[in-house]
Amino acid sequence: MSLPILLTVDDDPSVSRAVARDLRRRYGRDYRVMRAGSGADALDALREIKLRGETVAAILADYRMPRMNGIEFLEQAMDLFPHARRALLTAYADTEAAIQAINVVDVDHYLLKPWDPPEEKLYPVVDALVETWRAVGDRSVEEIKVVGHRWSEPSYRVRDFLARNAVPYRWYSVDEPEGRRLLEAAAAGPDDIPVVITPDGQALSRPSGTDIASAAGLSTDPAGEFYDLIVVGGGPAGLGAAVYGASEGLRTVLVEKKATGGQAGQSSRIENYLGFPDGVSGAQLTDRARRQARKFGAEVLTARGVVALETRGSARVVRFEDGSEIAAHSVVLATGVMYRALDAEGCADLTGRGVYYGSASTEAQACEDEDVYIVGGANSAGQAAVFFSRHARSVTLLVRGKDLAQSMSHYLIEQIRAIDNIDVRLRTSVVAARGEQHLEELTLCEADGGRTETVPAGHVFVFIGAAPHTDWLGDAVTRDAHGFVCTGPDLLVEGRRPPGWTLDRDPYYLESSIPGVFVAGDVRAQSVKRVASAVGEGAMAVTLVHRYLEER
C-alpha cells in the first residue's frame, strides 16, 4: 500500500521547499510529502490522489495566498478529504484567521512562520495532526456547536471559555436560519441561549462552566483524594509549578477556574519572553506548557472554583464550590490577578456586549473596519492595541497617566508609534458607556475634570489595574491591604514570626503564613508582574516544597 500523504501549500517557493524539507526529514519514512504552490494546484493534486485511491493524513496551507487564501482552499479540500487533519500557516498571530478557520473549516492548529527550529515549533504541531489522524482515521472528528446571539453576554462567555481552552467549536447565530433550526431541534428558543450541543447530540441550555468543560472533554474531577502538591491557578506561575512538580516526581494536580494561561494566555503577542526572539502568542505558550505538564503526569482540572483553604494536621485541604475537596502535603497558590472593573456609568450592564475585559480575541473578526477603544497603559493594553490594529479601522489607546513609559515596555511603545492607525490619548478616561442592545458610544473625559467628549464606539477592551484572586482565602493566610498574599521576610514583624506559625524556622522566601503553602506569580505581594518572573517563581516554589517535605 502507498504511504499516506502530507500536503503543504504555499505560494512562496522558498517557504514551500523549507516545509517539505523539514517534513521529509522527520516523517519521510512513514509519509509521502507533497507540496503545491497555490490552492488551485493543490486541489488538482488532491483530485488525482482521490482518483488513485490514496489517503491524505494532513494538509498545511498558508493563509495569505493570492487568488485563493488558505481558508478558501481548506474549505474545498474538505470536500475531497474530509478527514485529513488541517493546519493554517500564518506569518504572525492572526487570531481572526485562526478563529474563522475553526468555525469554517475545523482547522486543528495554526502555525506561525518561521518555525526555526522545527523541533520546537513545527514538529509538535505535525505530531499532533498525524496522531489525531491515526486515532480517528476516516471517522468524523466530533465537534461542539454553540448557538447564541452576538450581543449576549452569556454567549460571549461560552465562546471565550472554549477559545481560551483551545476547544474547536462551531458558532451559530440565532439570527441565521441554521441557528434557528438547531434551536428548534433542541426544543429551545431564543430565551434559552446560549445552547451548547455536545458531539453526542445532547443540548445544554445556559450551561455552567463545569457543564461546558465536561461537554468539551476537559477534565473536571480529580483522580485521587490526596496529592503531594496542589497548584491553585493555571497561569504562567501555576503551569511552571505543575511542570516542575510533576517532572520531579511529585503527585501534582493543577486546579483552574476558567482556562489555563491566565492573563498571559490572552495576550496576542509576547515578545520579551526569553528564548522566543520572534515572539509567541499567549495561547501558544499556554498550550505548550499545558502539554508539558501533562506529559510529566500532572493532572489539570478545569472549571473548578476553589472556595477555601484549610489546615488539618499536616494536610493542606482545598475545598471546591460543590463542597467536595482534595488534600495534599503542600499547596502552591498561583491564582494571579484580574483586571479591575471600569468604574464608569453603564459599563457593568454592557459587559460582554461591547465592553470586554482582556483582549477577547474572539471579537477580532467583529472589529473589522470598526473604531476600537482600549483602556489601559501597561503591556497588556499595548499588545492588544497592536493586535487589534490589524483588524480595526482605528485603535484609540486611552491612558490615564501622562506618559506611556511609566508602565509600558520601551519596545512596545516603539511599535505603537510606528503603527498609523493607533492613536494614544494620554490623561484620558472613560466616564460613561451607553447603548441599547450593545455598546454604541463612550463618553471620555480629560484629566482633572477637563472637557468631556462623546464618541461612537462598538467595542472597548479594558486593561486596568490588578485585583488579586484572594477573596476566597479569607483569614486563612496573611494578606496585605490590597489583598496580595504576603510571604517570607514580609511576614516577619520586628523579627517575630507570623501568629500561629508552628515551625522552628522563619518562613521560606515564597512561603505564606501557613507552613507548606507557597505563593507564586502576580498574586504574591511585591512580585514582579512579568511572565518570566511568574514562571521562575513557580519553579522556585517547587524547590521550596521539596525542602519543606524533607522536614516532615
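Quick note: the sequence shown uses our numbering, first residue 2, plus one each step. A virtual CB, placed ideally from N, CA and C, is assigned to each residue, including glycine.
Notebook entry, point to check: Going by the CB atoms, is the gap between A238 and V524 shorter than 9 angstroms?
Noted result: yes
Item checked: Three CB pairs or more closer than 8 angstroms across the stretch 34 to 52 and the stretch 126 to 134 -> no
Item checked: CB of T221 within 9 angstroms of CB of R305, strictly -> With a cutoff of 9 angstroms on beta-carbon distance, T221 and R305 are scored as near each other.
Next item on the list: Pull up the distance between the alpha-carbon of N166 and that of G496, whole angstroms please.
Entry: 45 angstroms
Next item on the list: Kindly confirm or deny that the stretch 286 to 301 and the stretch 421 to 437 touch, where touching means at least three C-beta pairs closer than 8 angstroms.
Entry: Judged by Cβ distances under 8 angstroms, the stretch 286 to 301 makes no contact with the stretch 421 to 437, as fewer than three pairs qualify.
Check: Whole-angstrom Cβ separation of L405 and I375, contact assumed at under 8 angstroms?
Finding: Actually they do not touch by this definition, with Cβ atoms about 12 angstroms apart.
Check: If you check the beta carbons only, do E442 and A434 fall under 9 angstroms apart?
Finding: yes
Next item on the list: Determine the contact status of N273 and A533, defining contact as a CB-CB distance below 9 angstroms.
Entry: yes
Margin query: On the criterion of 16 or more Cβ atoms from any shown chain inside 10 Å, does Q264 qualify as buried, or is it exposed?
Written below: buried
Checklist line | Buried versus exposed, by CB contacts within 10 Å (16 or more), P490 | finding: exposed
Note to self: Am I right that D11 and D63 are in contact with their C-beta atoms under 8 angstroms? What's the rounded C-beta distance?
What the structure shows: For a cut-off of 8 angstroms, the C-beta gap from D11 to D63 is around 4 angstroms, short enough to register as a contact.
Margin query: Residues in the same chain with beta-carbon distance under 6 angstroms from S3, minus the five sequence neighbours each way, listed in chain order, please.
Written below: E55
Item checked: Nearest to R86 (by Cα), restricted to the options Q77, V108, A477, N70 -> V108
Margin query: One question on the structure: do V233 and L310 come within less than 9 angstroms of each other, judged by their Cβ atoms?
Written below: yes
Next item on the list: Report buried or exposed for H150, applying the criterion of at least 16 other Cβ atoms within 10 angstroms of its Cβ.
Entry: Flag for H150 reads buried.
Notebook entry, point to check: P208 bridges to which residues according to DSSP?
Noted result: DSSP lists no partner for P208.
Checklist line | Reduced DSSP category for C446 - H, G, I as helix; E, B as strand; rest coil | finding: strand
Notebook entry, point to check: Which first and last residues belong to the beta strand (DSSP E) in which F321 is found?
Noted result: Membership of F321 in the beta strand (DSSP E) is indicated by the continuous run 316 to 321.
Check: How close, in whole Å, do the beta carbons of L81 and I60 come, if the pair is a contact with beta carbons under 8 angstroms?
Finding: The Cβ separation is near 10 angstroms, so there is no contact.
Check: Skipping 5 residues on each side, what residues in its chain have a beta carbon closer than 7 angstroms to that of M409?
Finding: G378, A379, N380, G383
Note to self: Please report the distance separating the alpha-carbon of I231 from that of E322.
What the structure shows: 16 angstroms
Checklist line | Identity of the residues DSSP links to P508 by a beta bridge | finding: Looking at the DSSP assignment, P508 forms no beta bridge with any residue, so it has no partner.
Check: Does DSSP put H110 in a helix, in a strand, or in coil?
Finding: strand
Check: Does the separation of the CB atoms of R207 and P278 fall below 9 angstroms?
Finding: no
Next item on the list: Name, in chain order, the residues that DSSP records as bridge partners for Y412.
Entry: For Y412, which the question treats as bridged, DSSP gives no partner whatsoever.
Next item on the list: Ignore the nearest five residues each way along the sequence and tell me which others in G402's own chain have a CB closer than 6 angstroms to its CB.
Entry: Within the same chain, G402 has close Cβ partners G378.
Next item on the list: Go to S248, then tell me how far its alpha helix (DSSP H) extends in each direction, as first and last residue.
Entry: Looking at the DSSP string, the run of the alpha helix (DSSP H) that includes S248 is 237 to 248.
Notebook entry, point to check: If you draw a straight line from the C-alpha of A342 to the C-alpha of D13, how long is it?
Noted result: 46 angstroms
Next item on the list: Tell me where the beta strand (DSSP E) around S514 begins and ends.
Entry: Under the DSSP assignment, S514 falls outside any beta strand (DSSP E); it carries neither an H nor an E label.
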